[in-house]
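With the sequence shown counted from 1, adding 4 to any position gets you our numbering.
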Amino acid sequence: MQNEWAWARYDKYPVSPGHLLITTRRHVQSYFDSTPKERLALNQLLEEAKKLLDKE
């Protein structure tokens, strides 16, 4: 799943069931270096991912 500012995908080597990678499209050093728009996009994907995982 993705949006304008971020993307999410299942981890190739998950630490635990349902482990996902959610990151900005732009390279940033840390979450705190992301813009407010990117943080909103990350949180939107987090909410979508939670709903998807709850269905599994």
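From the three backbone atoms N, C-alpha and C, an ideal C-beta is built for every residue, glycine too.
Review point. Distance, Cα to Cα, ALA45 vs ALA10?
Key: 6 Å
Review point. Which partner residues does THR39 have in the DSSP bridge list?
Key: Its beta-bridge partners do not exist; DSSP assigns none.
Check your understanding: TYR17 lies in the beta strand (DSSP E); which residues open and close that run?
Key -> Where TYR17 is concerned, there is no enclosing beta strand (DSSP E), given that its DSSP letter is neither H nor E.
**Study point:** Euclidean distance between Cα positions of THR28 and TYR17
**Key:** 20 Å
**Study point:** HIS31 to HIS23 span [Cα, whole Å]
**Key:** 21 Å
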